[in-house]
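Shown next, in structure tokens, is the structure this report addresses.
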Amino acid sequence: MTFCIKSQLKVWLNDQCKILNPGDYASLAPASQNSRAFVHHTDHFKGAIHAYQFIGGHTEIFGIITPAGFEHMFRGLGESYAGPMWPDADLERVAEKLNTGVANVMTEFDVIPVSNHKLVEPQPWSGSENQLPGSQKPYFLRNRTGSSAVLGGTVVRPYVTGAKSGNRYSLATLEGSNQFETQVLSGGIRFPGVDHCFYVSDGYLELPAGTYFDIKPVSSYFKVFMYSQPGGLGDLVYAAGKDKPHTGLNCMIPDSPSLFDREKLSQYKSKFKFDLM
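UniProt numbering applies: residue 1 is where the sequence shown begins, and numbers increase by one.
This is the structure in structure tokens:
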């Protein structure tokens, strides 16, 4: 179902309710191959009623939904927007939009609202959320609890196994450090019949002085923390663009880029000591 990545998320699973902090996880076992359900409102999923609510100022979640294709429901509920993220607009009518949109997509995506279900108040973590269940049933798993294994300096923590997902997918975290001499995953590894998707939430990549690099965004939004000696890329970009500050309040980047000739960066070469390739 979903990881909480930033801020806090309130999740209901049947008669349970927990407030998820970053790293906490809530899961519903997949139903039959043609049945899908995952929506902001209360709905039915393989006999389980679930709902969720963002309760932080800016909440981010990482959701795993199987089978594929359920993302089209969100397109059906949403409105067309050509920008890379979301419009810098008032969000007050989002609930109204969802209330009217659910009926339109209910049949196609097997979303069954349960309007008479009473949502309980959040409950404290009791300790039962510190281990994976032994069967396919809804469950919470608290951050940095549950099963884990250490191989060299690498720690793996499973959140969903094949047994918990009807053999549809596995979900785990890998953690490690470059401070360990033993790096069991270094040197190459190949899975001819298994696809993988990686989401990097913590850590950094180092670019030594003299390294040629090319930054090419491959997602609609990315954020990188840059640490360098003075006079690096961050200082250069700020100097070249400080006359046009970003003034949006609800969106981290502008709707569209401003015109800028990359060759104009050459005028800063004497100050920042760089080469354009």
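We put the CB at the ideal spot given by N, CA and C, even for glycine.
When the options are compared against residue i, the one with the closest alpha-carbon
i	options	result
E108	P254, M73 and S228	M73
G241	L265, P230 and Q179	L265
F272	Y238, S126 and E175	Y238
Q179	F70, G203, P245 and K216	G203
G78	G69, I61 and V105	V105
K269	C251, D243, L236 and S258	L236
D15	H117, R144 and Q229	H117
V194	T145, Q53 and R168	R168
P113	A48, I65 and R75	A48
R262	E206, D255 and D275	D275
P208	S258, Q229 and R144	Q229
Q53	G188, C4 and Q267	C4
Exposure of residue i, with buried meaning 16 or more beta-carbon neighbours within 10 Å
i	result
G57	exposed
Y227	exposed
P138	buried
L174	exposed
C197	exposed
G248	exposed
V120	exposed
G176	buried
Y81	exposed
Check whether residue i and residue j have beta carbons under 8 Å apart
i	j	result
G63	T2	yes
V160	L171	yes
K6	E71	no
L20	H50	no
Y212	M277	yes
K164	Q136	yes
Q131	I55	no
N250	D88	yes
S147	P158	yes
K244	S256	no
For residue i, the residue or residues it bridges with in DSSP
i	result
E60	K6
K18	V11
V111	For V111, which the question treats as bridged, DSSP gives no partner whatsoever.
L151	T154
F54	L9
L171	V160
F140	A26
Cut-off 8 Å between Cβ atoms - residues of its own chain near residue i, not counting five sequence neighbours on either side
i	result
K18	K10, V11, D24, A26, P122, Q123, W125, E129 and F140
I253	P84, M85, Y221 and H246
T66	P30, S165, R168 and Y169
G234	M226 and S228
Close Cβ partners of residue i (< 6 Å) along its chain, the five nearest in sequence each way excluded
i	result
S220	P84
The ligand ZN heavy atom lying under 7 Å from the CB of residue i
i	result
F3	As presented, the structure is devoid of all ligands, the ligand ZN included, so that no description of it is given.
Beta-carbon contacts of residue i that lie in its chain and below 7 Å, excluding the five residues immediately before and after
i	result
F260	none
R142	D24, W125, E129 and N130
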